[in-house]
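What follows is a single structure, written as structure tokens, with notes after it.
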Amino acid sequence: MRLVIAAAAVFALLGSSVQAAGPSPEVKAEARTLFSKIIGFKTQEGSGQVPALARYLADQLKTAGFKDSEIEIVPLGETAGLIVRYPGKPGSTKPPVILMAHMDVVAASREDWGGRDPYVLTEENGVFIGRGVVDNKYGVLNITQTFMRLRREGFVPDRDLILAFTGDEETTGKTAVVLAAKLKGAAYAMNSDAGGGFRGGGNEKASYALQVAEKTYATYELTALNSGGHSSAPRPDNAIYDLAAALTRISAYRFEARWNPVTLESFRLTAPSLEGELGKAMARFAANPNDKAALAELDKSWVSNELRTTCVATMLRGGHAENALPVAATATINCRIFPGQTIAEVQATLLKVADDSRLQIKTIGEPLESDVSVPPEELRAALARVLAVRAPGVVATPYMEAGATDGLYYRSAGIPTLGVGGLFMSQGIDYNIHGNNERLPVAQFDDGLDHFYLLLKALTGGE
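Basically the working numbering = 1-based index in the sequence shown + 2.
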């Protein structure tokens, strides 16, 4: 894999900046109304509400001037995708740019939320509470309202813009596969479900992370087989024990450290904001990735996951009767694979580490491998102009996501994807994403409402 990442200078703030005084009271009021409606759709798996949300968003966009011919709802089983095309200047030869979000959410219940309905937007002590207020209905709201604001203003971008919302990011990702296939040929995609800012406390500086890569998501099943027998006559060979021994070896194994220019650039830019040995080790590793002492220090922290493929056992099943020796035992192993390492290579490594020729391993589903996306210079420049307004002095730092988003499917389809989320999160706030009582401070909600509005204007020829 070859990659060229420009030096930090390309992220430097440009002389001209976008001028803005923050979202107006009218924008905030409209956003809260839309957000309440969007949160109200129970778009968790099995509820069949994603198509209803897609229709609601389509209707709102029509009120802002979008035509039926510019809106497409893409059904897929119980879920759906939404595509909205914002036409650019006639005669423009620039390929379109995609803006991504996902409409579905992780399941939530009133019982788990202490009697609070997860699908009713609640405001308490300056905090919004509801399923998806961060992941990712804020992105849905932000992009939808941005399209509405720009169309009402009569803004004409210098190329087509495409809103692309998926409906099963939290589960199968099949909608993203369908939408990415439909949208091949786009210049790149901007993902609201990744990237974003952080404002720390004390002496910590604000920062902004630009997601340019994510690990491949792959799941394997490791199985031990046996002829079985009666439990009254146990033998040394036992499918459950064989599997347990193999899992113990796998749990102790650490994949080799890997890096790419994105890793090194990210560490170099991040190191100055970290205090203590971690920041020092990150700087040393960025200067010399063969520094074993620096790597050892990084491996003591969360940074280790940024440097390696990781695999972990997540599910077990085995045996067929309480009074019989097991004829089979199976473990599910979920892996997050570093870009450039193949799914087949990881599978072979797991089998080798298990060190038992009687074991079988197979890949579940059809996982896709994802490469690194080089940030286009025009996007870096536009983002710098926006940050000059939202967080003066902050430069965008490229990073790799340890998890996975819909960006995986777009990159696999040949569409470079960059995470440019609009939220600036803060230290000490428990957002509890995917957990009970997911929350988002109202001030941060308001602060991000202009993010994509300013970004699109800066990117596509606005003042």
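The beta-carbon is built from N, C-alpha and C at its ideal position, and this holds for glycine as well.
Query	Result
Any alpha helix (DSSP H) of 4 or more consecutive residues that is wholly inside the segment 176-208	176-184
DSSP state of residue 133 mapped onto helix, strand, coil	coil
Whole-angstrom C-beta distance between residue 330 and residue 232, which should lie under 8 Å	Actually they are not in contact, since the Cβ atoms of residue 232 and residue 330 sit about 17 Å apart, beyond 8 Å.
DSSP beta-bridge partners of residue 36	Paired residue(s): none; residue 36 is not in a bridge.
Residue 429, buried or exposed, once every other Cβ within 10 Å from all chains shown has been counted against 16	exposed
Exposed unless 16 or more other CB atoms sit within 10 angstroms - verdict on residue 1	Because residue 1 is not part of the residues shown, which for the chain are 3 to 465, the question remains open.
Test item: CB-CB of residue 175 and residue 411 under 8 Å	yes
Local conformation of residue 364 per DSSP, three classes	strand
Those runs of the alpha helix (DSSP H) which lie wholly inside the segment 299-383 and span at least 4 residues	306-309 and 345-356
Residues near residue 180 in its chain [Cβ-Cβ closer than 7 Å; skip 5 each side]	76, 78 and 83
Residue 102 classed as buried or exposed, judged by whether at least 16 other C-beta atoms fall within 10 angstroms	buried
For residue 51, three-class secondary structure by DSSP	coil
Proximity to residue 405 [Cα-Cα], best of 339, 272 and 290	339
Whether residue 172 touches residue 119 by CB criterion (8 Å)	no
Neighbour-count burial assignment, residue 161, 16 or more Cβ in a 10 Å radius	buried
Touch test, the segment 41-49 against the segment 88-97, Cβ-Cβ under 8 Å, three pairs minimum	no
Assigned secondary structure, residue 428 (DSSP; H/G/I helix, E/B strand, else coil)	strand
Supposed close pair residue 295, residue 387 - CB separation, criterion 8 Å	Wrong, their Cβ atoms sit about 40 Å apart, outside the cutoff.
Check whether residue 163 and residue 222 have beta carbons under 8 Å apart	no
Three-state class that DSSP yields for residue 150 in the structure shown	helix
Three-state class that DSSP yields for residue 232 in the structure shown	strand
Segment contact flag, the segment 271-281 with the segment 350-363, C-beta cutoff 8 Å, min 3 pairs	no
According to DSSP, residues forming a beta bridge with residue 402	215
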